[in-house]
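Chemist:
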Amino acid sequence: MLFPAAVVASVVILMLAVEDGGGGVEAAIGLQQPLKLKYQYYRRHTTCKYAEAFIRHQVTLYWNRDKTITAKLLRLLYSDCFVTGCDASILLDGPESEKTAPQNARLGGFDLIDRIKKVMEIRCPGVVSCADILNLATRDAVHLAGGPSYPLFTGRRDGMTSKASTVDLPSASISSKAALAYFESKTLDVLDMTTLLGAHAIGTTDCSNVVDRLYNFNNTGKPDPTMSQHFADQLRKTCPRPANMSGTQAKNPWVYLNPDSGPSYQLGNSYYKRALAHQSVLGVDQQLLYNNDTRELTGEYADEYPWKNGFEGWRRSLALSMNRMGNIDVLTDNSTGEIRRNCRYTN
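Residue numbers in the sequence shown follow the working numbering, run continuously in steps of one, and reach 705 at the last position.
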C-alpha cells in the first residue's frame with residue numbers, strides 16, 4: 359500500500375485540518391500561504407502521470423546498494439531549500455556555485471539525481487523539474503530508511519542562478535535561540551525545527567563540527583558541560599584534539615551523527631533519546647533540551663511520555679514539516695524558473 363496506516367493521519371495534516379503539534383506546543387497546522395504547489399501535480403496536470411513511480415523505482419534500486427543515500431539526500435534538500443528556496447540551485451555546477459561554499463563540503467547524492475533526471479528526460483522530456491526530483495527522491499529514501507511515505511506537493515520550477523555567497527547555513531554549534539530564529543526566518547516554526555533535526559538520526563559529520571564541544575567549548579579550553587563525560591571520552595577516541603584549536607583536522611576524520619543507528623542508516627527515535635541522555639554529537643542537537651517547547655517535543659518523540667504518540671508522532675510531524683520545508687520560496691512560474699534538461703546546468 360502506498361501510504362501505510364501509520365501515515366494516514368499525515369494526509370489529514372497536509373489537507374490543513376489537524377490538531378496542533380502535540381504536547382501543547384503551538385505550531386503551524388498547514389502549509390505556508392500562498393500555497394503554489396499542487397497535490398499529485400504530475401498525475402493530474404501533466405503528460406507524465408507516472409513520474410513519482412519512475413522516481414521511486416530509481417531511488418529503490420540505488421538504496422538497495424547504498425543505504426547512505428537517505429542521509430545524503432536529506433542534507434542536499436536542506437542545503438537547497440534553506441538558501442534561496444527549493445529551486446534546485448544546489449545542483450548547479452560552476453566555479454562559485456552554492457555547492458562550492460564551505461558549509462556544503464561533503465555534499466552527496468548528485469549522481470542519483472543525475473540518474474533520475476536522465477530517466478525522466480527519456481520518458482517525459484521537459485516535464486519534471488530537478489527541484490521536484492530532489493524533493494520526491496528524498497521522500498522515497500526517507501521511507502526506505504524507516505520514515506513515513508507521505509504525500510508531497512509538487513509543481514516546482516528550477517532556479518536560474520547559484521552563488522556561494524548566498525549560502526548562510528548556520529554552524530553545528532548554534533544555540534537553541536539562534537537556531538529557532540534561523541528556522542523562523544525560513545517560515546518554519548519550533549515544531550518544524552525539532553522534527554527536521556530528527557534527520558540527524560542517520561548520517562555522519564566531520565570531527566571539525568565536534569571538536570569545539572570536546573576540547574574548547576565557547577573558547578573556555580574545556581569540554582561542553584552539557585555533554586555526558588562518558589560519551590565525550592568515547593568521541594575523543596575518534597576525534598583527537600587538533601594541532602591548533604581552529605577545529606581543523608589534518609585527516610578529516612568523521613563520526614556517526616547517531617552512534618545507535620550507525621551503519622544501519624535506519625531512522626528511529628534514539629536520536630531524541632540520546633539528546634535526553636546528553637549524548638548528542640552536535641551542539642545544535644543537544645540544545646533541544648534548553649528550550650521549553652523543544653524539550654517537550656524531544657521527550658514526546660523519545661517516548662518519554664507513554665501516553666503520547668512517540669515515534670509515530672514524529673513520523674506524522676515529519677510529513678508536514680518536510681512539505682513545509684519543501685514549500686520555501688518555490689518557483690512555479692515559467693517567467694522565473696524553468697525545467698532543466700540537465701540538473702547541473704541551466705537550459
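All C-beta atoms in this analysis are idealised placements derived from N, C-alpha and C, irrespective of residue type, glycine included.
Just so it is clear, the structure is predicted and the values come from calculations on it, not from any experiment.
Ignore the nearest five residues each way along the sequence and tell me which others in R473's own chain have a CB closer than 8 Å to its CB.
Modeler: Around R473: Q416 and Y420.
Chemist: Could you please give the first and the last residue of the uninterrupted beta strand (DSSP E) stretch that includes D564?
Modeler: T562 to D564 is the span of the beta strand (DSSP E), which, as asked, contains D564.
Chemist: Per DSSP, what are the beta-bridge partners of Y397 in this structure?
Modeler: F511.
Chemist: Check whether the Cβ atoms of K430 and G466 sit closer than 8 Å, and answer yes or no.
Modeler: Yes; because the gap between Cβ atoms is below 8 Å, this pair is in contact.
Chemist: Are the CB atoms of L470 and L494 within a distance shorter than 8 Å?
Modeler: Taking 8 Å as the Cβ cut-off, L494 and L470 do not qualify as a contacting pair.
Chemist: Would you kindly check if the distance between the Cβ of F468 and the Cβ of L492 is under 8 Å?
Modeler: Cβ atoms of L492 and F468: not closer than 8 Å.
Chemist: Give me, in chain order, the residues of the same chain whose beta-carbon lies closer than 6 Å to that of K666; leave out the 5 immediate sequence neighbours on both sides.
Modeler: Cβ within range, chain order: E658.
Chemist: To the nearest whole angstrom, what separates the beta carbons of L432 and T524, a pair I think is in contact under 8 Å?
Modeler: Incorrect: roughly 21 Å between the Cβ atoms, too far for contact.
Chemist: Enumerated in chain order, which unbroken segments of the beta strand (DSSP E) with a length of 3 residues or greater are wholly contained in the region 532-600?
Modeler: Qualifying beta strand (DSSP E) stretches, in chain order: 562-564.
Chemist: What is the C-beta distance between R514 and C444, in whole angstroms, given that I count them as a contact (C-beta under 8 Å)?
Modeler: Right, their Cβ atoms sit about 6 Å apart.
Chemist: Does the beta carbon of A660 sit closer than 8 Å to a beta carbon anywhere in chain C?
Modeler: Of the protein chains in this structure there is only one, and it is not chain C.
Chemist: Considering only the alpha carbon of each residue, which of Q624, Y573 and K580 lies closest to K595?
Modeler: The shortest Cα separation from K595 among Q624, Y573 and K580 belongs to Y573.
Chemist: I'd like to know whether the C-beta atoms of L549 and S628 end up nearer to each other than 8 Å.
Modeler: Against a cut-off of 8 Å, the Cβ pair of S628 and L549 comes out as no contact.
Chemist: Just verifying my parser: in three-state terms, what is the DSSP assignment at V383?
Modeler: In the structure shown, V383 sits in coil (DSSP, three-state: anything other than H, G, I, E or B).
Chemist: Ends of the beta strand (DSSP E) at V613?
Modeler: Its beta strand (DSSP E) spans residues W612 to Y614.
Chemist: Could you check where the alpha helix (DSSP H) with Q644 kicks off and where it finishes?
Modeler: Looking at the DSSP string, the run of the alpha helix (DSSP H) that includes Q644 is G641 to Q644.
Chemist: In the DSSP assignment, the alpha helix (DSSP H) including W421 goes from what residue to what residue?
Modeler: W421 -> alpha helix (DSSP H) spans A409 to R423.
Chemist: What did DSSP end up calling Y659 once you bin it into helix, strand or coil?
Modeler: Y659 falls in the helix class under three-state DSSP.
Chemist: Using the C-alpha atoms, what's the distance from Y663 back to E710?
Modeler: Missing from the structure shown is residue 710; the chain here goes from 359 to 705 and no further.
Chemist: For D526, does the count of other Cβ atoms within 10 angstroms reach 16, so buried, or fall short, so exposed?
Modeler: By the neighbour-count rule (16 or more Cβ atoms within 10 Å), D526 is not buried but exposed.
Chemist: Determine, using beta carbons only, whether L625 and A677 come nearer to each other than 8 Å.
Modeler: No. Outside cutoff.
Chemist: Assign T694 to one of two classes, buried (16 or more other C-beta atoms within 10 Å of its C-beta) or exposed (fewer than that).
Modeler: T694 should be labelled exposed.
Chemist: Measuring CA to CA, which of D687, R653 and A633 is closest to Q644?
Modeler: It is A633 whose Cα lies nearest to the Cα of Q644.
Chemist: Can you tell me the Cβ-Cβ gap for D516 and I413, rounded? I've got them flagged as a contact below 8 Å.
Modeler: In fact, because the Cβ distance is near 15 Å, the residues do not count as touching under 8 Å.
Chemist: Is the CB-CB distance between Y648 and S534 below 8 Å?
Modeler: In this structure, S534 lies closer than 8 Å to Y648 by Cβ.
Chemist: Taking only three categories from DSSP, how would you classify Y703?
Modeler: Here Y703 sits in strand by DSSP.
Chemist: Quick check: the Cα distance between M585 and D451, rounded to an integer number of angstroms?
Modeler: Straight-line Cα distance between these residues: approximately 39 Å.
Chemist: Using alpha carbons as the reference points, say which of I387, K457 and R699 lies closest to V707.
Modeler: Residue 707 lies beyond the residue range present for the chain, which begins at 359 and ends at 705; the question has no answer from this structure.
Chemist: Determine the closest residue to A386 out of V688, M680 and I480, with distance taken between C-alpha atoms.
Modeler: Here the closest residue by C-alpha is M680.
Chemist: Which one or two residues does DSSP pair with D651 in a beta bridge?
Modeler: Looking at the DSSP assignment, D651 forms no beta bridge with any residue, so it has no partner.
Chemist: Along the alpha helix (DSSP H) that carries V477, what are the first and last residues, could you check?
Modeler: Unbroken alpha helix (DSSP H) run through V477: F468 to R481.
Chemist: Could you pull out every residue in the same chain whose Cβ sits closer than 6 Å to the Cβ of S447, ignoring the five residues on either side in sequence?
Modeler: Cβ within range, chain order: E456, G517 and S520.
Chemist: DSSP three-state label for D438, please.
Modeler: The answer is helix: DSSP assigns D438 an H, G or I state.
Chemist: So is G620 buried or exposed if we call it buried at 16+ other beta carbons inside 10 Å?
Modeler: Exposed: under 16 other Cβ atoms inside 10 Å.
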